[in-house]
Amino acid sequence: MLIKEIKKILYYCLLVGMFSCDNLEYNNYKENSIKTIGMPEYQKVFLGLSDTVLHWKINKLFGTLDSNISIDYIDSLLCFNQNGTRFIGCILSQYTNKKVASVADGISFLYGEKIKTNWFFFIGEYIHVPRNLIKNKKVNEQMSYYQLHQIALNEVYSGYLDDKGKINEIWFISHFENNGWGTLKNQAYLDWCFKGKRYTNKKDFYIATHLCKVKANWANINKDSIKPLPQKSLP
Numbered sequence: 012m013l014i015k016e017i018k019k020i021l022y023y024c025l026l027v028g029m030f031s032c033d034n035l036e037y038n039n040y041k042e043n044s045i046k047t048i049g050m051p052e053y054q055k056v057f058l059g060l061s062d063t064v065l066h067w068k069i070n071k072l073f074g075t076l077d078s079n080i081s082i083d084y085i086d087s088l089l090c091f092n093q094n095g096t097r098f099i100g101c102i103l104s105q106y107t108n109k110k111v112a113s114v115a116d117g118i119s120f121l122y123g124e125k126i127k128t129n130w131f132f133f134i135g136e137y138i139h140v141p142r143n144l145i146k147n148k149k150v151n152e153q154m155s156y157y158q159l160h161q162i163a164l165n166e167v168y169s170g171y172l173d174d175k176g177k178i179n180e181i182w183f184i185s186h187f188e189n190n191g192w193g194t195l196k197n198q199a200y201l202d203w204c205f206k207g208k209r210y211t212n213k214k215d216f217y218i219a220t221h222l223c224k225v226k227a228n229w230a231n232i233n234k235d236s237i238k239p240l241p242q243k244s245l246p
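Going by our numbering, 212 is the number at position 201 of the sequence shown; the sequence numbering is gapless.
Right, dumping it as structure tokens:
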């Protein structure tokens, strides 16, 4: 089951990328992103992200491995900031539970941040996507991944480049440093994580809050019960 899930993830990443070859907007975003960090690093981060999302699913932190409920795949596009230390992507989710009628699918924001030499990943806002947004779409039939990807280009990625076609760092700041993460003036509510420590500059503060988000993801899981990723067979 797990090996099949990995194959599905890779298949749909390729599928979405293939369908997007003629999409100038997609190509422009991806070209800028790869120019920033290089193709080898882009692929390395994507594979690390795929492993992380699969690990979340195995431990029931996100989505499900049961395709009778929902199927979640990482979109093929990751948008990196100017210095290659942050990216914004998304997960496309088809809701397939046959026991519960559904008229919508969804998209989850996906964030990554490089802290020192390691990448950390966390989930952001969820976008509820009604199927009737697509003309002549049957509401009891889930959206295709291509349809969800096209919606993501507008709803997730549209702020990536500015009017001059340059990477828009303000867009990243609006996601990674907004008031939803807290402020320097109000750090007490994060004492479950900070444990009395206080930060005096924004950079250190936001890095700390993002690491708290990663830590919180596993807070209710007994360390001894965490299921590892399946071992990958050698080629």
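Ideal Cβ positions, reconstructed from N, Cα and C, are used throughout, including at glycine. Computed from a prediction, not measured in an experiment: that's the story for all the values here.
With which residues is residue i paired in a DSSP beta bridge?
i	result
residue 123	98, 132
residue 223	Its beta-bridge partners do not exist; DSSP assigns none.
residue 91	98
residue 194	197
residue 106	81
residue 141	115
residue 172	178
So the alpha helix (DSSP H) residue i belongs to, where does it begin and stop?
i	result
residue 200	Element bounds for residue 200: n/a, residue is neither H nor E.
residue 154	That residue, residue 154, is in no alpha helix (DSSP H); it is neither H nor E in DSSP.
residue 51	50-69
residue 182	180-187
I need the boundaries of the beta strand (DSSP E) containing residue i, first residue and last residue.
i	result
residue 84	81-85
Determine the closest residue to residue i out of the options, with distance taken between C-alpha atoms.
i	options	result
residue 43	60, 106, 93	93
residue 226	60, 204, 50, 188	204
residue 86	162, 202, 184, 207	162
residue 101	115, 112, 121	121
residue 239	187, 211, 63	63
residue 159	98, 118, 70	118
residue 178	91, 73, 36, 55	91
- Message: Could you check whether the segment 183-196 touches the segment 205-225, counting it as contact only if at least three pairs of C-beta atoms, one from each stretch, sit closer than 8 Å?
- Response: yes
- Query: Quick check: the segment 121-128 against the segment 148-160, are there 3 or more CB pairs under 8 Å?
  - Reply: no
- the segment 107-121 touching the segment 75-84, judged by at least three CB pairs closer than 8 Å: yes
- Would you call the segment 136-143 and the segment 226-242 touching, i.e. three or more CB-CB distances under 8 Å? no
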